[in-house]
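Down below is the structure, laid out as structure tokens.
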Amino acid sequence: MNDVANKSSQCPLCSNQGTYLYTGRDFMFDGNKEFVYHQCSHCNATYPWPIPNGKKISGYYPDDYRIYKDSEKVKKYSAIKKVVLKYKFNYRHIKQPMIMRILAPVLSLFFYRNSLRFTLPGRALDIGCGNGYLLQKLADAGWLAEGVEFNEQAVQNCRSL
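According to our numbering, the sequence shown is numbered sequentially starting from 5.
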């Protein structure tokens, strides 16, 4: 863990203290670059730390950035994913047949162990939403998902979903 990760931060949403949550890499485009994320102790928002300025952010996303392209049709969740989301991650609104409810404890040990826990009202904001794939997946799982995107072509592709 680097020095930035060890320091506390100020939440950009509510101004309370945030602390280190995890460090990730962009394995799609630049696996050498690490991104440190903090989480607010008050509102639980997760954000990059230090928060990059607009110029730095735009450098990550050139006009030919692949994720701006039209996305393939978003696939629906499998029956196994639905049962694990319902059983382990609080997606109570997902309907399941009885057999899947019986299998849920076993399936959740092996599949989709890093899914996002659902909390009412289930709102998500994807900043830099690209082609809208994540927005569509979140919406399919019952989230009120909204996105912000600065590339006009990506916005058009996202709106066409």
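We put the beta carbon where it would ideally sit given N, CA and C, even for glycine.
*Tell me the DSSP bridge mates of H42?*
In the sequence shown, residue 42 corresponds to position 38, counting from 1. Its beta-bridge partners are Y24, Y51.
*asked:* Report the CB separation of W53 from H42 in whole angstroms; it is logged as a contact under 8 Å.
replied: Counting from one through the sequence shown, the residue named residue 53 turns up at place 49. Counting from one through the sequence shown, the residue named residue 42 turns up at place 38. About 4 Å; that satisfies the 8 Å criterion.
_Quick check: the Cα distance between Y28 and W147, rounded to an integer number of angstroms?_
Translated into the one-based positions of the sequence shown, residue 28 becomes position 24. Translated into the one-based positions of the sequence shown, residue 147 becomes position 143. Per the sequence shown, the amino acid found at residue 28 is Gly instead of Tyr. Using only the alpha carbons, I get a separation of about 24 Å.
*When the Cα atoms are used, what is the spatial distance from E38 to A143?*
Mapped onto the sequence shown, residue 38 falls at position 34. Mapped onto the sequence shown, residue 143 falls at position 139. For E38 and A143, the distance between alpha carbons rounds to 29 Å.
*If you compare alpha carbons, which of E153, L124, M104, G126 is closest to Y137?*
By 1-based counting over the sequence shown, the position of residue 137 is 133. Answer by Cα proximity: E153.
*Could you pull out every residue in the same chain whose Cβ sits closer than 6 Å to the Cβ of L139, ignoring the five residues on either side in sequence?*
Residue numbering aside, residue 139 sits at position 135 when the sequence shown is read from its first letter. D130, C133, A149, G151.
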